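Everything below concerns the one structure shown next.
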Amino acid sequence: MAGPKEDVFDIGEFLAQQSAEGSVESQGEFTVSQEKAAIKLSRFALPFVYAWVLKIVQAAVAWESERIEVRQYRSFTVLAFCPSRMEDIPSEEALVSKLLSGRTQDSDQLGLLCMGLRALVEQAGLSFRLLIARPEHPSRPIHAGNDACALAAEQAWARLSPALGIQLMVAHLPLREFLMNRYIPKSFLYERPDLEIARVLDGLCFLCPVPLVLDGRRIDRLMSHPIWGFTSARRPVALLGMHCPERPPLKVPEEFEDKVIAINTHPRRAKRTYGGVGRESSFWMYLTASQPNPARAWKEQLLHFVAKQYQHIFFVCHGVVVDRYKIKLQTSHTSLLGIVSAQGLPTDLSGLTMSHGPALERLIRTATVAMAVRLRQLRASPESFLQDIPDTDSHGDKLDYRLAAESQEQARAIFGDKRSVLREGLAAALFAGRHFLSKESDPDQIGAILAMEWRDSLLKDLNELETIETAGFESDGLLGEIYPRS
């Protein structure tokens, strides 16, 4: 016996109703001409196939969502978020009207979402099932794409409940390719949408001001980023904010605040709060340096050769890196990254590529002058790079105090209130075990001679970086580097 029919949003019935009310004309807002829709789409195509993911993230950030959750299953990916205000959650009718109107290039929240949905189907060739859950309104799924029918069963299998907000399910593969794409040798595999979605999030959404979680892993973490964060070859040195009266504060991830990270500061400590100073900044300057390495120092002294690198400025719009400009100034050991808001600047119709012009040039010059000032201030206190940042009042200290108190209580319950060697020994052993299980061990301290050499190399580069305000710049083609245009 067949189960009850699912209550889905019928686009055909909606259009018929609008037509009866005089809202649809053959050349009007809700035309269903496939040829005209394809022409409109070609005018607003995104820079690469999986750029639709960026538009979904931008919509969630523009709606000031508290969290963006991304979960990946074998055959589909779910992206879920909820606007901060319940009245901002769009209705199915409003969303479909925007989709069919051809005005998806609008920069409002619904326009960003609809641009992503159209590119998902028309440009990437994927299918989706969209659930919009509003208070006291029944949720009616919206389907699009050739293989959207398979997602209803997948949703039931994954036990996904439509919580308040927007839930987007994206099918990874057409039905005819599902088995073949999972079981043939890797060298013959087709493009894996699940991996491409994760790659886009990692590559361009690490500056998202909203917690962005992919299968339990935080994406919105600069210092944990596989390229820009702590790695075996490089380490952050400073993260500093700069104010500009002409520019509003830039919305940044929660780890952003003024930080100067000494050579012996553990990465775990560097990622914690330093007091919250400087969060309301218009620009940000992120300075990294090569890790102290005795073998590298010996080779540099022997061969007198060091590979040099350029500095960069990232432009961010609604939590997404939309462009990167290269500053024509090379250094040996350090790398400088400027972070600037792209909102209010001219872009192409996709909103993911900056348009070069006087406004952009003025903003870059303003940012580089501000960075030069902060670099001079940084160079004026060279010993700050060598001292260890104290862990006082940090989350780690509070955890240690709690573990020590619990260990003492457990030892007291066994040996009584009278102090003894056995009681103190047991408390110390319990604390050590709990500490080991709760936190990773500290790294070996950098030797004094190597630390001094590292500091001197850093100061030499800082002296060169102070001329950044007069250096030239050019677009570095960030999107084309990650995804070549097709």
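Take any residue in the sequence shown, note its place counting from 1, add 5, and you have its number in my numbering.
Yeah, the Cβ is synthetic: ideal placement off N, Cα and C, and Gly gets one too.
Bear in mind the structure is a predicted one, so any value in this text is a computation, not a measurement.
Can you give the Cα-Cα distance for L476 and L342, rounded to whole angstroms?
According to the sequence displayed, residue 476 carries Ala and not Leu. Each residue's alpha carbon lies about 14 Å from the other.
Since K264 sits in a beta bridge, which residues does DSSP pair it with?
L244
Counting Cβ pairs closer than 8 Å, one from the segment 200-217 and one from the segment 115-122, do we hit at least three?
no
Using only CA atoms, which one of T352, H248, A168 lies nearest to V374?
H248
Confirm, please, whether the CB-CB distance from E285 to P250 is below 8 Å.
no
Based on the DSSP output, what are the partners of E74 in its beta bridges?
A85, V218
Out of D93, S106, I171, which one is the CA nearest neighbour of L136?
I171
At what residue ranges does the segment 278-361 contain a whole run of the beta strand (DSSP E), taking only runs of 3 or more?
288-295, 314-322, 325-336, 339-346
Alpha carbon to alpha carbon, how far is F81 from R204?
16 Å
Suppose contacts are defined by Cβ-Cβ distances below 8 Å. Is E469 in contact with T336 by that definition?
yes
Since A176 and A149 are thought to touch, with beta carbons under 8 Å apart, how far apart are those beta carbons, to the nearest angstrom?
About 10 Å separates the two Cβ atoms, so there is no contact after all.
Per DSSP, what are the beta-bridge partners of F133 in this structure?
A149, V175
Which residue wins for smallest C-alpha separation from V242, given the options S102, L350, I268, F86?
I268
CA-to-CA distance, A372 to S480, given in whole angstroms
16 Å
H494 versus D422 - alpha carbon distance:
Not covered by the structure: residue 494. The range shown for the chain is 6 to 491.
For Q478, I'd like the list of residues in its chain whose CB is within less than 7 Å of its CB, leaving aside the five on either flank, ordered along the chain.
According to the sequence provided, residue 478 is Phe. The question's Gln does not apply to it. Contacts found: Y330, K331, I332, K333, I369.
To which residues does DSSP link A138 through a beta bridge?
G170
Name the two residues that bound the continuous beta strand (DSSP E) containing E201.
Here E201 belongs to no beta strand (DSSP E); instead the alpha helix (DSSP H) covers 198-209.
If you count every other CB in all the chains shown that lies within 10 Å of the CB of R72, and 16 or more means buried, which is it?
exposed
Classification of R226 by the beta-carbon crowding that lies within 10 angstroms, buried from 16 upward:
buried
Taking all protein chains shown into account, decide if T472 is buried (16 or more other Cβ within 10 angstroms of its Cβ) or exposed.
exposed
Take H230 and list the residues in its own chain whose beta-carbon comes closer than 6 Å to its own, dropping the five residues that flank it on each side.
F211
Close-in-space but distant-in-sequence residues of the same chain around R252 (CB under 6 Å, 5 per side omitted):
S287
Write down the C-beta distance between L292 and T358 rounded to the nearest angstrom, noting that I regard them as a contact closer than 8 Å.
With a Cβ gap of about 27 Å, L292 and T358 do not count as contacting.
Proximity of E262 and M228 at Cβ, strictly below 8 Å
no
Residue environment, T270, which counts as buried when at least 16 other CB atoms sit within 10 Å
buried
Nearest-angstrom Cα separation, counted from F320 out to E474
18 Å
Residue(s) in a DSSP beta bridge with E127:
E127 pairs with nothing; no bridge assigned.
Is it the case that the Cβ atoms of I147 and E98 are separated by a distance below 8 Å?
no
On the DSSP letters alone, give me the boundaries of the beta strand (DSSP E) that E479 sits inside.
478-480
To the nearest angstrom, report how far apart G430 and R273 are at their CA atoms.
28 Å
Based on DSSP bridge pairs, tell me the residues matched to R239.
S295
DSSP state of R223, grouped into three classes?
strand
Thinking just about the alpha-carbon of each residue, which of M120, H361, S295 is nearest to the one in W459?
S295
Taking a contact to mean a Cβ-Cβ separation below 8 Å, would you say K264 touches P214 in this structure?
no
Beta-carbon proximity check, V327 vs L206, cutoff 8 Å:
no
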